[in-house]
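Participant:
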């Protein structure tokens, strides 16, 4: 008969290791996106990119009609990994210019600089626990159509 201690150690190791999915821990990240006049960005998507990992880890969320979002990384609404992040926001992406179908798509209200990591200037630190960010964005310049 085999000794019980090695078997018990094996069972404990399998239980502990088997429960881990290998992904870094995530923390709740939610918030709102507003223009300077207090109006919400009422549609779009926000993306956080973690900067403290060797491989890119992204967290994304749709933006609701009230300008609210809740990030998800490995599953919907599971949050983002701890550490420094840069962010982009995109809204109302057009297919074509809309000129061929007037009135079908209106231009984005969001300044196009927020859709590029190089120009968005959005940086955040996700800490253990709940994180709630209020993000202020700018309107697109009048008379200028945003680039896709």
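Numbering (my numbering), first residue to last: 35 to 182.
Note that the Cβ used here is the ideal one computed from N, Cα and C, for glycine as well.
#1: Hey, would you say the C-beta of residue 84 is under 7 Å away from at least one heavy atom of the ligand HEM?
#2: Check the C-beta distance from residue 105 over to residue 114 and give it rounded, since I have them as a contact under 8 Å.
#3: I need the DSSP call for residue 152, collapsed to helix, strand or coil.
#4: Looking only at C-alpha atoms, which of 116, 141, 65, 123 sits nearest to residue 151?
#5: Check this for me: beta carbons of residue 174 and residue 142, under 8 Å apart or not?
#6: Quick check on the DSSP output: the beta strand (DSSP E) that includes residue 165 runs from which residue to which?
#7: Classify residue 68 as helix, strand or coil using the three-state DSSP reduction.
#8: On the criterion of 16 or more Cβ atoms from any shown chain inside 10 Å, does residue 109 qualify as buried, or is it exposed?
#9: Express the C-alpha separation of residue 90 and residue 61 in angstroms, rounding to a whole number.
#10: Can you list, in chain order, the residues of its chain whose CB lies under 6 Å from that of residue 96, leaving out five sequence neighbours each side?
#11: Identify every residue that forms a DSSP beta bridge with residue 78.
#12: Have a look at 171, 116, 144, 145 and flag the residue whose alpha-carbon is nearest the alpha-carbon of residue 164.
#13: Going by DSSP, what residue range makes up the beta strand (DSSP E) through residue 108?
Facilitator: For this structure:
#1: You won't find the ligand HEM in this model; it holds no ligand whatsoever.
#2: 5 Å
#3: helix
#4: 123
#5: yes
#6: 165 to 170
#7: strand
#8: exposed
#9: 17 Å
#10: 79
#11: 97
#12: 116
#13: No beta strand (DSSP E) holds residue 108; DSSP gives it neither H nor E.
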